[in-house]
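Take a look at the structure set out below.
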Amino acid sequence: MAEELPCAALPQGPLFSVGSRNKADGPDALAAETAVAISYGGSSHAVLMATPADLDDFAYGFSLTEGIIGHPDEITALETVVFDTGIDLQITLGEDCSAVLAARRRSMAGPVGCGLCGLESIDAAMRPVPSLNVGHFSMTSGDIDRAVSSLAGHQPLFGRTRAVHGAGFYRPDGGLVAVREDVGRHNALDKLIGALALSREEVAGGAFVVTSRLSVEMVQKAAIAGAPVLIAVSQPTALAVDTAERAKITLIASARGDGFSVFTHGERVRR
14 MAEELPCAAL
24 PQGPLFSVGS
34 RNKADGPDAL
44 AAETAVAISY
54 GGSSHAVLMA
64 TPADLDDFAY
74 GFSLTEGIIG
84 HPDEITALET
94 VVFDTGIDLQ
104 ITLGEDCSAV
114 LAARRRSMAG
124 PVGCGLCGLE
134 SIDAAMRPVP
144 SLNVGHFSMT
154 SGDIDRAVSS
164 LAGHQPLFGR
174 TRAVHGAGFY
184 RPDGGLVAVR
194 EDVGRHNALD
204 KLIGALALSR
214 EEVAGGAFVV
224 TSRLSVEMVQ
234 KAAIAGAPVL
244 IAVSQPTALA
254 VDTAERAKIT
264 LIASARGDGF
274 SVFTHGERVR
284 R
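So for the sequence shown, our numbering puts the first residue at 14; every next one is plus one.
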């Protein structure tokens, strides 16, 4: 058993480059990818490939967005155990969460690109999402462009590797509050949600901004966290749009700092 977490980036470059691309022009490190088990009460519940950083945030965020817990205080203990082959996040829950855990049982061992791998039923994958009621929150088009532009400047791991996703929380009255990175887009958002929950940040007062496409599970996570606006640099899927409409989330896509497209609940965007 190792004593420390693996590094999130490894200083390893290509053997050589061909064509106009110069070795010096590329990233100076490779993103680390590690098997991370999430265990409750000594039993493995999920295994995901993830970046070995901000793992406490990951444990809390995953537990919240999976519906295992409804509040961070329902986790009574968390231990990170590092093995040669991976990392086990050993979580102890309060007694009231045991029935919820049994109902949401899943076993996931798959690529980082699929946030629903291993779910045991169609109903589990297509679980209903809460319908948000966040008052009169809104953002200007300038706020949205600034949210995307500022995220790009707060991704040190991406800057070194060019191989990870980022997820940030932006408040119009305070700018970018927090950012988390991971090789998996779902993991990055879970880490962000966990960090915000642990800091008791009021998510209803801002927007999630992500560097990935918007699939349905990204919308599900945002809805469970209570974010009224979800912004992405890429496009949404049709199911993501339908889910955001039902959840009353403002879904904004193709946002790259110089414009964007609004797909749902445009009343929150002031042009």
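Each residue gets a CB set at the ideal place from its N, CA and C atoms; glycine is no exception.
Limits of the alpha helix (DSSP H) - the one that residue i falls within
i, result
"L205", "R198 to L211"
"L77", "L68 to T78"
Simplified DSSP assignment, three categories, for residue i
i, result
"P85", "helix"
"L23", "strand"
"V275", "strand"
"P169", "helix"
"I262", "coil"
"E17", "coil"
"D41", "coil"
"R140", "coil"
"R159", "helix"
"N153", "For the record, residue 153 in the displayed sequence is Thr; it is not Asn. If DSSP states are grouped into helix, strand and coil, T153 belongs with the strands."
"R269", "coil"
"L10", "As shown, the chain starts at 14 and ends at 284. That puts residue 10 outside it, with no answer to give."
"A220", "strand"
"L227", "strand"
Residue nearest to residue i in terms of C-alpha spacing, selected from the options
i, options, result
"F150", "P40, L209, E215 and G197", "E215"
"F75", "V94, D97, F273 and S52", "S52"
"L252", "V60, R193 and T277", "T277"
"A245", "A66, I237, A217 and V254", "V254"
"S57", "K261, G99, A240 and E46", "G99"
"A165", "G181, L227, S33 and V282", "G181"
"G107", "G207, H178, G83 and V95", "G83"
"L77", "I237, N146 and T89", "I237"
"S30", "L23, P40 and P24", "P40"
"V196", "V60, P27 and T64", "T64"
"Q103", "F96, L91, C110 and E46", "L91"
"D203", "H167, R173, A240 and P141", "A240"
"I157", "A42, A50 and T263", "T263"
Where the beta strand (DSSP E) containing residue i begins and where it ends
i, result
"L182", "One detail in the question is off: residue 182 reads as Phe in this sequence, not Leu. H178 to R184 is the span of the beta strand (DSSP E), which, as asked, contains F182."
"L61", "S56 to A63"
Beta bridge counterpart(s) of residue i as assigned by DSSP
i, result
"S52", "S57 and Q103"
"G188", "R184"
"T174", "Note: T174 sits in no beta bridge, so no partner."
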